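Peer 1: Residue numbers (this note's numbering): 1403 to 1712. The beta carbon of each residue, even a glycine, is placed where N, CA and C say it ideally should be. Bear in mind that the values here come from a model prediction, so they are computed numbers and not experimental data. Have a look at the structure that comes next, please.
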Amino acid sequence: MKSIQSNIKKAKKYLDKNQCIAVPTETVYGLAANAYSNVSVKRIFKLKKRPANNPLIVHYSDINKLKNDCYINDDFIKLYRKLSPGPITFILKLKKVSKISKFVTNKQNTLAVRFPKHPLFKRLLKSLKYPLAAPSANMSTRLSSVKASDVIEEFGSKIKYVLDGGKCLIGLESTIINLLKKPTILRFGALDVSKIEKILKKRVLIKTNSKKKIAPGQFPLHYSPGIPLRTNAKKPKKNEAFVLVKKRKSTMKNYYYLSKNNNLQQSAKNLYSLLRKIKNDGYKMIAVEKIQNKGIGKTINDRLNRASKY
Ligand code: AMP
Ligand code: MG
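Dropping the structure here:
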């Protein structure tokens, strides 16, 4: 308990000095910095080698603080009440008076906002006078981090501090929904679209592959382990690691299971660490068995399809 408090204090100290640090969330680890400070936000882009035109998600502890920066609407209120804190990111209209750094939004008049659920991150946010811009804590186009050690693997000594909150419970990024006009999904994520439709009592549009790329989650190559990967494989070729969801009678050294038996939630949680492990085990190619395209399986397939563009 005491160490939690002192770790949060330490994290705050770095952030107050305009540094970026890694923070745990229920989805994946974030690379966080003061969203009101140009200096801080520019450091995030530099560290991740992220293109400046990929805007960042800003994290708040509650709706009252959000109102300093964004206009809210009815759809937002409905979803916020039922789903926040949780793995959903909302695109809202930015207020002119907002202090959000122009580098967060790439000078657009919209802002992506989220209310994370991880208790450490929540406590950290409550202790600060500003919200935190925090994209995933990984090099641009690569696998997200789901453990403190993944963050170190990505950034080495370049990262000043990692607030260690254990392994992420969900293991995949948030679902992004644009609420400016007709609700539109921009990125499949941890939260099922059908849940959102039930709450809004209407269908939402899906634009996860839009020509006008406003979310990096929409870029063709993303979430890559840094070696070639192919999907819907029936069996592995020579020297390939084989990622499976269904139990086999016999198991080979190159067989890697995403879950004990075809459990999609478990598979989501294990996806990035398993791909990371396969690469660290020395494989140069990955084949992945077909994965059911329903519920969070849709998000897993979205990530694998983008990783396969390597
Ligand atoms: P990451 O946190 O690394 O998973 O990336 C943040 C995601 O939020 C990216 O897909 C961004 O493009 C998306 N995003 C951030 N701000 C906006 C915005 N104003 N409009 C649309 N997407 C956004
Ligand atoms: Mg990311």
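Go to T1610, then tell me how far its beta strand (DSSP E) extends in each direction, as first and last residue.
Peer 2: Run containing T1610: none; DSSP gives neither H nor E here.
Peer 1: Does ligand 1 have a heavy atom nearer than 8 Å to the CB of T1507?
Peer 2: Yes, Cβ of T1507 sits closer than 8 Å to a heavy atom of ligand 1.
Peer 1: Could you tell me the alpha carbon to alpha carbon distance between N1508 and L1593, rounded to whole angstroms?
Peer 2: Looking at the two C-alpha atoms, the distance is approximately 26 Å.
Peer 1: Return the chain-ordered ranges of every beta strand (DSSP E) run that is complete within the stretch 1414–1445 and spans a minimum of 3 residues.
Peer 2: Those beta strand (DSSP E) runs which fall completely within the stretch 1414–1445 and span 3+ residues are 1423–1425, 1432–1436.
Peer 1: Ligand 1 and L1513: does the residue's C-beta get closer than 8 Å to at least one heavy atom of that ligand?
Peer 2: Yes, Cβ of L1513 sits closer than 8 Å to a heavy atom of ligand 1.
Peer 1: Grouping DSSP H, G and I as helix and E and B as strand, with all else coil, what is K1600?
Peer 2: Helix at K1600.
Peer 1: Hey, I1698 and L1545: beta-carbon distance below 9 Å or not?
Peer 2: No, Cβ-Cβ distance for I1698 and L1545 is not below 9 Å.
Peer 1: Per DSSP, which one or two residues make a beta bridge with S1538?
Peer 2: G1432.
Peer 1: Flag E1575 as yes when its Cβ comes closer than 8 Å to any non-hydrogen atom of ligand 1, and as no otherwise.
Peer 2: At least one heavy atom of ligand 1 is nearer than 8 Å to the Cβ of E1575, so yes.
Peer 1: Could you name the residues of the same chain whose beta carbon sits closer than 7 Å to that of E1599, not counting the 5 residues immediately before and after it, in chain order?
Peer 2: Same-chain partners within the cutoff: R1605, V1606.
Peer 1: Could you give the C-beta distance for K1414 and S1551, rounded to a whole number, given that I count them as a contact under 8 Å?
Peer 2: 23 Å between Cβ atoms; not a contact.
Peer 1: Give every residue of the same chain whose Cβ lies closer than 7 Å to the Cβ of N1695, excluding the five residues on either side of it in the sequence, and list them in chain order.
Peer 2: Excluding residues within five positions, the ones whose Cβ falls inside 7 Å are N1703.
Peer 1: If you draw a straight line from the C-alpha of Q1421 to the C-alpha of K1562, how long is it?
Peer 2: Each residue's alpha carbon lies about 7 Å from the other.
Peer 1: Going by C-alpha to C-alpha distance, which of C1570, K1569, N1611 sits closest to A1586?
Peer 2: One point to set straight first is that residue 1586 is Thr, not Ala, in the sequence displayed. Of the candidates C1570, K1569, N1611, the one whose C-alpha sits nearest the C-alpha of T1586 is N1611.
Peer 1: How about S1538: is its Cβ closer than 8 Å to a heavy atom in ligand 1?
Peer 2: Yes, Cβ of S1538 sits closer than 8 Å to a heavy atom of ligand 1.
Peer 1: Thinking C-alpha only, which one of L1571, S1503, L1565, I1629 is nearest F1713?
Peer 2: Because the chain spans 1403 through 1712 in this model, residue 1713 falls outside it and cannot be assessed.
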